[in-house]
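Asks: Structure below; questions to follow.
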Amino acid sequence: MSDAIISAVLTQLFSVMEQQVRQELKLVVGVDKEVKNLENTFNSIRAVISDAERRQLVKGDVDKESGSSSSQSVKLWLQRLQDAAYDMDDVLSEWSNALLKFEMEDALGSSPSAQKRVSFLVNLPCFCFSRVALRRDIAVKIQEINSRLDNIASDKDRYHFTPSNASVDDSGRRLNIRPQTTSYVDVSYIHGRDSDKATLIAQLLKDGNKKGTHDTVSVVGTGGIGKTTLAGIVYNSEEVTKFDVRVWICVSEPPFDEVLRVAKAIVEQLEGNAPNLFELETLLGRVRQGVEGKKFLFVLDDVWTEDYGWWEPLKNAISSCAPGSKVLVTTRKERVAQIMKSDYTLRLGELAENDCWLLFSHFAFSESNEKNREQFEDIGKEIAKKCKGLPLAAKIIGNYMRFKELFEEWRCVLESDMWELEATSEGIFPALLLSYNDLPSAVKNCFLYFANFPQDCEIEADNLIKLWMAHGYLNLRGRTVVEDMEALGTEYLETLVMRSFFQRVRKEKDKGHRDNVIRFKMHDMVLQLGQYLKKDESLVKNSGFALSNNSSSGVKTRHLTLMRSEDSPFPESIGHAESLHSFWVQSFHDSPSFVCQVDIVPTELLKHLVHLKSLDLSRNRLRELPKEIEELQNLRYLNLSHNPLWELPETVCVLYRLQTLKLVACNHLSRLQGKIHKLKNLRHLEIDMTESLTTLPKGIGQLTSLRTLSKFILTGSNEESEGKTCTISDLSGLNQLRNSIKIQGLGYVTNAADAEKAELKKKEHLTDVHMEFNSQMRGEQGRADVADALELHPNLQSLHISSYNGARLPHWLTSLTKIKKLKLEDCPNVRVLVAVGTLPSLENLCLEKMHGLKHLGAELFGASAATNGVAHMFPKLKKLTFARLNCWEEWNMTIGENGTASIMPALQYLKVSDCEKLKTLPDCVVSKSPLKKLYIKNCPLLKQQYDKKTGEHWIKIAHISKVRIL
Numbered sequence: 001m002s003d004a005i006i007s008a009v010l011t012q013l014f015s016v017m018e019q020q021v022r023q024e025l026k027l028v029v030g031v032d033k034e035v036k037n038l039e040n041t042f043n044s045i046r047a048v049i050s051d052a053e054r055r056q057l058v059k060g061d062v063d064k065e066s067g068s069s070s071s072q073s074v075k076l077w078l079q080r081l082q083d084a085a086y087d088m089d090d091v092l093s094e095w096s097n098a099l100l101k102f103e104m105e106d107a108l109g110s111s112p113s114a115q116k117r118v119s120f121l122v123n124l125p126c127f128c129f130s131r132v133a134l135r136r137d138i139a140v141k142i143q144e145i146n147s148r149l150d151n152i153a154s155d156k157d158r159y160h161f162t163p164s165n166a167s168v169d170d171s172g173r174r175l176n177i178r179p180q181t182t183s184y185v186d187v188s189y190i191h192g193r194d195s196d197k198a199t200l201i202a203q204l205l206k207d208g209n210k211k212g213t214h215d216t217v218s219v220v221g222t223g224g225i226g227k228t229t230l231a232g233i234v235y236n237s238e239e240v241t242k243f244d245v246r247v248w249i250c251v252s253e254p255p256f257d258e259v260l261r262v263a264k265a266i267v268e269q270l271e272g273n274a275p276n277l278f279e280l281e282t283l284l285g286r287v288r289q290g291v292e293g294k295k296f297l298f299v300l301d302d303v304w305t306e307d308y309g310w311w312e313p314l315k316n317a318i319s320s321c322a323p324g325s326k327v328l329v330t331t332r333k334e335r336v337a338q339i340m341k342s343d344y345t346l347r348l349g350e351l352a353e354n355d356c357w358l359l360f361s362h363f364a365f366s367e368s369n370e371k372n373r374e375q376f377e378d379i380g381k382e383i384a385k386k387c388k389g390l391p392l393a394a395k396i397i398g399n400y401m402r403f404k405e406l407f408e409e410w411r412c413v414l415e416s417d418m419w420e421l422e423a424t425s426e427g428i429f430p431a432l433l434l435s436y437n438d439l440p441s442a443v444k445n446c447f448l449y450f451a452n453f454p455q456d457c458e459i460e461a462d463n464l465i466k467l468w469m470a471h472g473y474l475n476l477r478g479r480t481v482v483e484d485m486e487a488l489g490t491e492y493l494e495t496l497v498m499r500s501f502f503q504r505v506r507k508e509k510d511k512g513h514r515d516n517v518i519r520f521k522m523h524d525m526v527l528q529l530g531q532y533l534k535k536d537e538s539l540v541k542n543s544g545f546a547l548s549n550n551s552s553s554g555v556k557t558r559h560l561t562l563m564r565s566e567d568s569p570f571p572e573s574i575g576h577a578e579s580l581h582s583f584w585v586q587s588f589h590d591s592p593s594f595v596c597q598v599d600i601v602p603t604e605l606l607k608h609l610v611h612l613k614s615l616d617l618s619r620n621r622l623r624e625l626p627k628e629i630e631e632l633q634n635l636r637y638l639n640l641s642h643n644p645l646w647e648l649p650e651t652v653c654v655l656y657r658l659q660t661l662k663l664v665a666c667n668h669l670s671r672l673q674g675k676i677h678k679l680k681n682l683r684h685l686e687i688d689m690t691e692s693l694t695t696l697p698k699g700i701g702q703l704t705s706l707r708t709l710s711k712f713i714l715t716g717s718n719e720e721s722e723g724k725t726c727t728i729s730d731l732s733g734l735n736q737l738r739n740s741i742k743i744q745g746l747g748y749v750t751n752a753a754d755a756e757k758a759e760l761k762k763k764e765h766l767t768d769v770h771m772e773f774n775s776q777m778r779g780e781q782g783r784a785d786v787a788d789a790l791e792l793h794p795n796l797q798s799l800h801i802s803s804y805n806g807a808r809l810p811h812w813l814t815s816l817t818k819i820k821k822l823k824l825e826d827c828p829n830v831r832v833l834v835a836v837g838t839l840p841s842l843e844n845l846c847l848e849k850m851h852g853l854k855h856l857g858a859e860l861f862g863a864s865a866a867t868n869g870v871a872h873m874f875p876k877l878k879k880l881t882f883a884r885l886n887c888w889e890e891w892n893m894t895i896g897e898n899g900t901a902s903i904m905p906a907l908q909y910l911k912v913s914d915c916e917k918l919k920t921l922p923d924c925v926v927s928k929s930p931l932k933k934l935y936i937k938n939c940p941l942l943k944q945q946y947d948k949k950t951g952e953h954w955i956k957i958a959h960i961s962k963v964r965i966l
């Protein structure tokens with residue numbers, strides 16, 4: 001932890017010095033010597049940090065000078081070091097912000113020219129309002145911190161730390177990345193639980209007594225024993241899927257509103273969407289409706305609360321169930337099982353020694369080191385014994401050992417004094433600490449950031465990486481392979497995934513066919529480790545909490561998360577917040593269509609958050625943001641999503657450090673500030689679901705660091721907007737854009753030369769593009785040459801073209817060799833499709849509201865196939881959808897007179913809806929493809945042909961496993 005902070009401070013120090021050189025302006029004159037001393041001191045300390053961080057956790061003798069245990073004494077020394085490093089980080093930020101402000105003023109022409117400044121500096125090195133005082137203040141602060149560090153460095157000698165090579169920055173250290181040829185470890189893989197599984201299933205399948213009653217079955221055991229894993233395996237077993245209704249709710253340790261939150265979660269799973277309800281009585285009514293007369297299984301996972309009051313309303317609501325209904329509870333507390341009046345309690349014990357070894361070895365010996373199993377088996381069994389029958393410990397330490405290929409490394413783990421921890425008294429697994437301690441220092445800092453999240457919080461990987469970046473954890477200095485902070489964050493996240501620190505991990509494949517983590521949860525034992533290591537430095541508290549000057553441990557709080565209940569007000573004050581680097585007010589409100597209640601951010605609160613780097617005020621019913629937001633000059637991350645904001649204050653545009661601005665679902669937001677071009681460091685502007693936002697300011701085109709821009713809005717020209725709103729040419733410099741973008745209003749581009757200025761073909765990192773023209777416009781808007789000029793990079797994976805009035809599709813469409821998904825919607829004048837059947841990677845094709853199409857046939861193959869009669873058509877297509885093709889009459893897949901083709905050999909899903917004139921489906925599609933699902937709706941002629949009872953061609957589709965004709 002301390003090493004990572006020091007690394008971040010040194011990186012910022014080098015960055016500030018580079019700023020001074022670049023600007024030819026020394027804000028802090030004569031500081032070079034102090035900087036050199038600072039660097040030397042930090043590097044001397046870094047050499048022993050690894051040993052110090054280990055020794056603070058291990059039981060030791062009494063320190064002669066302090067009288068406390070040596071581990072406690074070392075911990076206090078590390079706290080002093082950490083506070084000094086944080087304070088230096090704040091001073092360097094102040095220094096850097098001053099330099100950046102001068103640089104921005106020059107660039108924007110709001111200060112004297114550089115030539116005048118140089119002349120003026122001859123007599124006054126720091127000019128304008130109080131700059132002399134600012135220079136002196138920064139210099140004094142650096143000297144004071146240097147003095148503190150000298151004392152800390154001197155004190156380290158009495159601990160006789162063992163030096164390591166930690167003075168060398170390990171940010172470029174090669175991480176243990178999963179080989180591309182192997183899959184992730186199966187998280188449901190268990191040993192020694194067959195008997196428990198059988199017992200649990202038998203209890204759940206027991207006949208019920210009478211209508212309106214259910215049985216409660218509880219699984220009780222210590223943390224990490226495998227309660228959730230066992231419950232999950234039972235929940236998904238074939239026998240249990242026969243319940244009419246199954247619902248899984250993770251109750252965890254809620255701070256408030258237990259009944260309301262759980263009731264909402266149940267309704268969401270019963271109905272398939274999240275209810276926008278806050279009245280408990282209404283929610284319980286929906287629960288009652290959802291289970292009435294049905295045999296259900298409810299899993300309440302990880303229940304902590306011993307207050308029966310939270311359960312009684314829910315119990316009454318589900319009393320309308322059918323006999324045989326069951327509630328399965330998992331908990332660490334025997335008392336909880338008693339309070340919930342369990343009819344049966346399974347007490348889950350530790351794994352047998354051999355089962356623990358089998359589980360450990362499953363994770364420890366991957367394909368790459370399976371050859372070493374015999375060499376490491378004996379010592380591996382000894383390590384497995386130290387897991388003491390805890391599945392989570394065996395899994396984590398097993399994954400940790402996967403990358404140890406030397407016997408000496410295995411011996412060091414077995415003999416490590418980490419197994420003798422003071423932390424074990426607080427429920428921390430030695431196995432977790434061993435795996436954590438082996439992480440590179442930069443990844444340790446990323447791991448410890450999890451201490452800022454509430455228990456059972458689902459974490460979005462993309463958002464997490466942006467938070468890591470805001471706090472300086474993604475340092476590219478010294479790295480030669482990864483040149484993007486976000487990519488480095490993904491690499492760090494993969495490292496943590498491989499250590500089995502997460503659970504319920506959801507992944508999606510990226511353009512390189514790699515599984516990328518999308519979201520996940522932390523096991524509560526892993527979260528507990530982070531909170532133990534960050535004790536008092538990171539706090540998660542209920543609304544109403546206030547920070548004091550001194551915590552019981554003497555550690556300054558740097559990260560604060562406040563959790564609001566449904567009826568609690570927005571915090572007016574949080575006490576002594578000057579040291580905070582992150583602040584999150586967690587709430588769960590959506591931005592409503594009609595605003596009945598408004599929260600207000602107190603201006604005084606913002607004035608105390610001067611060192612803040614990340615601020616999350618999402619879902620807090622905020623109508624406006626105070627102009628005092630400008631006080632937060634260190635801010636890198638600002639999340640205002642799901643708030644009913646009308647607009648942002650102009651002062652947001654002076655947050656020059658800002659990297660991420662999230663405005664998702666701010667559906668009342670009507671405009672962005674015209675001076676947004678000042679945010680030169682902005683990398684992510686998220687404006688999804690902002691329906692009232694109909695224009696973008698001209699300055700967007702100057703934000704050349706942007707990686708995320710959810711949508712780019714074009715409008716027609718008028719006197720009021722002339723020169724103030726974006727034109728298509730403003731896209732030209734945004735070549736760092738990644739992932740997806742929606743370009744709205746392309747119909748306003750009437751000139752192909754203007755369209756070319758967007759240089760869309762240079763945006764190689766975009767994988768998903770929605771090109772929306774203007775269906776209400778006619779004439780010039782439909783010119784195909786404009787669409788031709790909007791050519792996209794061949795790396796594209798998904799394309800949606802909508803509201804396009806051109807007579808033909810753009811010529812470059814067939815050059816998108818990597819495209820997987822293509823949707824053409826509301827293109828009424830297109831009568832002939834291009835040869836989309838030749839696209840080698842296409843997996844999903846949707847044609848909707850293509851009213852000009854009457855026939856589909858050989859044009860899908862291309863000219864070559866039509867001439868030669870040979871084709872490989874849609875080689876990877878899995879899903880095919882036709883909707884609202886009002887004029888479509890014929891679908892003919894014949895190629896020439898003697899044509900042969902491999903047609904849709906991978907097709908699994910076909911949907912045809914609202915195609916009233918279509919008479920039949922090609923035999924080669926419905927009879928010869930591996931089709932598994934066929935859905936026909938509002939197609940009277942097709943229904944007549946393929947109806948199961950009366951259809952002449954039913955026999956052609958009878959082999960398809962799922963057919964639905966409406």
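The numbers in the UniProt record's numbering rise by one with no breaks, and the one at position 758 of the sequence shown is 758. Note that the Cβ used here is the ideal one computed from N, Cα and C, for glycine as well.
Applying the 10 Å Cβ sphere with the 16-neighbour rule, what's the burial state of H160?
Replies: Under this definition H160 is an exposed residue.
Asks: Return helix, strand or coil for V327, following the three-state DSSP convention.
Replies: Strand at V327.
Asks: According to DSSP, simplified to helix, strand and coil, what is S732?
Replies: coil
Asks: State the Cα-Cα distance for the pair A487 and L284, rounded to the nearest angstrom.
Replies: 45 Å
Asks: Does DSSP put A139 in a helix, in a strand, or in coil?
Replies: helix
Asks: Between the C-alpha atoms of L845 and H953, what's the straight-line distance to the nearest angstrom?
Replies: Computed Cα separation, rounded: 25 Å.
Asks: To which residues of the same chain is K341 closer than 7 Å at the C-beta, ignoring the five residues directly before and after it?
Replies: T216
Asks: What would DSSP say about Q744, mapped onto helix, strand or coil?
Replies: strand
Asks: Helix, strand or coil: how does DSSP classify Y473 here?
Replies: coil
Asks: Take residue 974 as the anchor and find which of S568, S587, L560 has the nearest alpha-carbon.
Replies: Past the edges of the chain, shown from 1 to 966, lies residue 974, and the structure says nothing about it.
Asks: Take every Cβ of the region 787 to 798, pair it with every Cβ of the region 748 to 763, and state whether three or more of those distances are shorter than 8 Å.
Replies: yes
Asks: Compute the Euclidean distance between the alpha carbons of N639 and N146, then round it to the nearest angstrom.
Replies: So the two alpha carbons sit approximately 35 Å from each other.
Asks: Which ranges does the beta strand (DSSP E) cover as unbroken runs of at least 3 residues, wholly within the region 342 to 406, from first to last along the chain?
Replies: 344 to 347
Asks: Could you tell me the distance, in whole angstroms, from the CA atom of D768 to the CA atom of V834?
Replies: 20 Å
Asks: Please report the straight-line C-alpha distance between T660 and E460, rounded to a whole angstrom.
Replies: 15 Å
Asks: With respect to the beta strand (DSSP E) encompassing A883, which residues constitute its N-terminal and C-terminal limits?
Replies: Its beta strand (DSSP E) spans residues 879 to 883.
Asks: Under a Cβ-count criterion, where at least 16 other Cβ atoms within 10 Å of its own Cβ denotes burial, should K242 be classed as buried or exposed?
Replies: Exposed.
Asks: Could you name the residues of the same chain whose beta carbon sits closer than 6 Å to that of V749, not counting the 5 residues immediately before and after it, in chain order?
Replies: Once the five neighbours on either side are set aside, the close Cβ partners of V749 are I728, A755, V786.
Asks: Can you tell me whether K521 is buried or exposed? The criterion is at least 16 other CB atoms within 10 Å of its CB, across all chains shown.
Replies: buried
Asks: What are the uninterrupted segments assigned as beta strand (DSSP E) that are 3 or more residues long and contained completely in the region 884 to 930, given in chain order?
Replies: Taking only runs of at least 3 residues, the beta strand (DSSP E) segments lying wholly in the region 884 to 930 are 900 to 903, 909 to 913.
Asks: Quick one: using the 10 Å Cβ neighbour count with 16 as the cut-off for buried, is A546 buried or exposed?
Replies: Exposure of A546 is indicated by the presence of fewer than 16 other C-beta atoms within 10 angstroms of its C-beta.
Asks: In chain order, what residues of the same chain lie with their CB nearer than 8 Å to the CB of R671, ignoring the 5 residues before and after it?
Replies: Contacts found: E647, L693, T695, P697.
Asks: If we ignore side chains and look at the alpha-carbon of each, how far apart do F365 and M850 end up?
Replies: 55 Å
Asks: Please state whether the Cβ-Cβ distance between A265 and L314 is less than 8 Å.
Replies: no
Asks: DSSP three-state call for residue 967: helix, strand or coil?
Replies: Residue 967 falls outside the range modelled here, since the chain spans only 1 to 966, and no answer is possible.
Asks: Helix, strand or coil, according to DSSP, for K534 in the structure here?
Replies: coil
Asks: What residue from I249, R261, R136, D89 has the CA that sits closest to L328's CA?
Replies: I249
Asks: Expressed to the nearest angstrom, what Euclidean distance is found between the alpha-carbon atoms of Q115 and F102?
Replies: Summary for Q115: the model assigns pLDDT 45, below 50, so the residue's position carries little reliability, and this model does not support an answer.
Asks: What would DSSP say about M522, mapped onto helix, strand or coil?
Replies: strand
Asks: Contact check, D207 vs G324 under 8 Å by CB: the rounded distance?
Replies: 6 Å
Asks: Between the Cα of V245 and the Cα atoms of L270, G232, L230, which residue gives the shortest distance?
Replies: L270
Asks: Measure the alpha-carbon distance for F403 versus R683 and round it to whole angstroms.
Replies: 35 Å
Asks: What number of angstroms, rounded off, separates the C-alpha of E415 from the C-alpha of I379?
Replies: Roughly 11 Å separates the two Cα atoms.
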